[in-house]
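Chemist: Going by the working numbering, the first residue of the sequence shown is number 290, and it counts up by one from there. To start, I am sharing the structure in question, which I have written as structure tokens.
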Amino acid sequence: MNPRQRVVECLEHRQPDCVPISLGGSAHKLTDSRCELLKKHFKIEGESPKRLTGAYLSYVDNRLLDALDTSVRYVHLRPPSDYQADLTPDGRFTDEWGLVHVPNDFGIYQLEGNPLAKAEISDLEHYPWPDPTDPARVAGLREEVLELYHNTEYAIGAYRPTISGIFEISHYLRGMERLLMDTLQDQAFVDALLSKLTDLLIGYYEVYMEAVGPYIQIIELADDLGTQIGPMISPRTYRKLLKEKHARLIASVKKKAPQAKFLLHSCGSVKAFIPDFIEAGFDILNPVQPLAKDMQPAELKKTFGSEISFLGGVDVQQTMRGPVDGVREEVRRRIEELGPGGGFILAPSHNFGDDIPVENILAFFETAHEFGVY
């Protein structure tokens, strides 16, 4: 099997010849320093393509993915024509949603301020929303995806087209505390905001799928709903305010890419939502963080493995930072727990950060190739 066939077989819940491996999608990338150190290890010279302005996860270099022998290559929507993410002297920049990104001492960007913190429903019509239909967003994208589709054997993933998903953007704009209070005290506002964001995201995906839809195997949405110890909102609130909107988005996308599998990136403890994720139409759950409450991979596979696939699973909170033997053991264990019968793409449970030794990253991939053969 080639990598594309392997991914397709796996996501149909059939066992391929070996476990597919992914790097470069939502929240399983390399920080800039890890990218450069790995390039040095593999003697890869020259600049890497920069995907994100001002971010600490700036680069996705397919030459590095070739060296690591991963199975998926990701395409990205472009910025709009009028967008200039100019960095201030202290490294800040404002994105197209009006959100201010501020680097902390570790080089990781955090958001400052909430533009809709005091907004009423009537204010939503006057906010300067992004234009999903700007043709600059897909400039050169069809040519890129055709090159990957016809001249390589890799599976192709459509990297998420926006900073995050419906729920995440809503609390970026409103503020987490205020939004969570609104889910109890002002559900009309929450519904109006989430509906507006759903319409906008459908617009983004329609433009995106027009360019790449027939050629991709994976489509991403990033919408965190979990913390380390439990859900951010109750499953009941999810069903009332968000589930239908996720389903509407997925249905719209699948019209133009019916063959593709829809991946939801949702960090933390999200087991309580998985039955609803499946009903909404999600096909793949990422990142499967094994140290979060109720996210034990073997149990997830046993309970939901016939209905949803998993991408991720190898802990970055402790294991990837620790001894290299622990990395090898965890990779083997995840393959044993999640691999049988297909429905599993191996990846880290979040980005490979600056605190993860390069030798551990190399051990991750070496072990995956050694023990991932069925």
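Cβ coordinates follow ideal geometry from the N, Cα and C atoms, glycine included.
1. Secondary structure at H365, three-state DSSP: helix, strand or coil?
2. Strictly by DSSP, which residues pair up with T383?
3. With a threshold of 16 other CB atoms inside 10 Å of the CB of D644, please say whether the residue is buried or exposed.
4. Could you tell me the distance, in whole angstroms, from the CA atom of R463 to the CA atom of A447?
5. Excluding the 5 residues preceding and the 5 following F571 in the sequence, name in chain order all residues of the same chain whose CB lies nearer than 6 angstroms to its CB.
6. Would I624 and V308 qualify as a contact pair, given that the criterion is a beta-carbon distance under 8 angstroms?
7. State the Cα-Cα distance for the pair Q548 and V501, rounded to the nearest angstrom.
8. Beta-carbon separation of K544 and S484 under 8 angstroms?
9. DSSP has Q399 in a bridge; who is on the other side?
10. Taking only the alpha-carbon atoms, compute the straight-line gap between D423 and E298 and give it to the nearest angstrom.
11. Given that a residue counts as buried once 16 or more other Cβ atoms are within 10 Å of its Cβ, and exposed if not, what is Q506?
12. So, S459 versus G519, is the Cβ gap smaller than 8 angstroms?
13. Quick one, which of G380, G402 and P404 has its alpha-carbon nearest N393's?
14. Leaving aside the five residues before and after G492 along the sequence, list all residues of the same chain whose C-beta is less than 8 angstroms from its C-beta, in chain order.
15. Indicate whether the contact test is met: 3 or more Cβ pairs, each with one atom in the stretch 614-623 and one in the stretch 643-660, closer than 8 angstroms.
16. Do the stretch 319-332 and the stretch 368-378 meet, that is, are 3 or more Cβ pairs less than 8 angstroms apart?
17. Taking the straight line between their C-alpha atoms, what separation do you get for H330 and G515?
18. Would you kindly check if the distance between the Cβ of I310 and the Cβ of A636 is under 8 angstroms?
Modeler: Taking the geometry as given:
1. coil
2. V389
3. exposed
4. 28 angstroms
5. F551 and L553
6. yes
7. 12 angstroms
8. no
9. V391
10. 35 angstroms
11. buried
12. no
13. G380
14. P421 and T422
15. yes
16. no
17. 36 angstroms
18. yes
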